[in-house]
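Peer 1:
In the numbering used here, the protein residues as written are 28 to 144.
1) Taking 9 Å as the threshold (C-beta atoms), are residue 100 and residue 73 in contact?
2) With contact counted as at least three CB pairs below 8 Å, one residue from each stretch, are the region 51-64 and the region 109-127 in contact?
3) Measure the C-alpha to C-alpha separation of residue 46 and residue 126 and round it to an integer number of angstroms.
4) Could you check if residue 97 is buried or exposed, using at least 16 other CB atoms within 10 Å of its CB as the buried criterion?
5) Is the CB-CB distance between residue 34 and residue 76 below 9 Å?
See below:
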């Protein structure tokens, strides 16, 4: 497996905890790379439990949100469980407005996210 550039992955038992390496996820090329690295988690690596930790993310574009939605669908198709955590209030507000809080399981912190998987 090639080393991902856009994400870092730590294992907590059988759960993959993914943190984003970029604080601003807005560049189209970077979003494409990020999407592929996320897809590889479920398609190539067959990871079944994934926590996406947004602790370092200050801003995401609508294209990045679209990539997250695609990743959620791909994860569901592979029977992988996905939980989002540590989302800043201003980003969480976008999730609320766009009703993505109904699509994603979102927890306040990593411990809560690990507990539901």
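Glycine included, every Cβ here is placed at the ideal spot set by N, Cα and C.
Peer 2: Checking against the coordinates, here is how it stands:
1) The residue you call residue 73 lines up with position 46 of the chain shown. The residue you call residue 100 lines up with position 73 of the chain shown. In this structure, residue 100 does not lie closer than 9 Å to residue 73 by Cβ.
2) no
3) Along the chain shown, read from residue 1 onward, the residue named residue 46 stands at position 19. Along the chain shown, read from residue 1 onward, the residue named residue 126 stands at position 99. If I take the Cα positions, the gap works out to 23 Å.
4) On the chain shown, residue 97 is found 70 positions in, with the first residue counted as 1. Classification for residue 97: exposed.
5) Within the chain shown, the letter at position 7 stands for residue 34. Within the chain shown, the letter at position 49 stands for residue 76. Not closer than 9 Å, so no.
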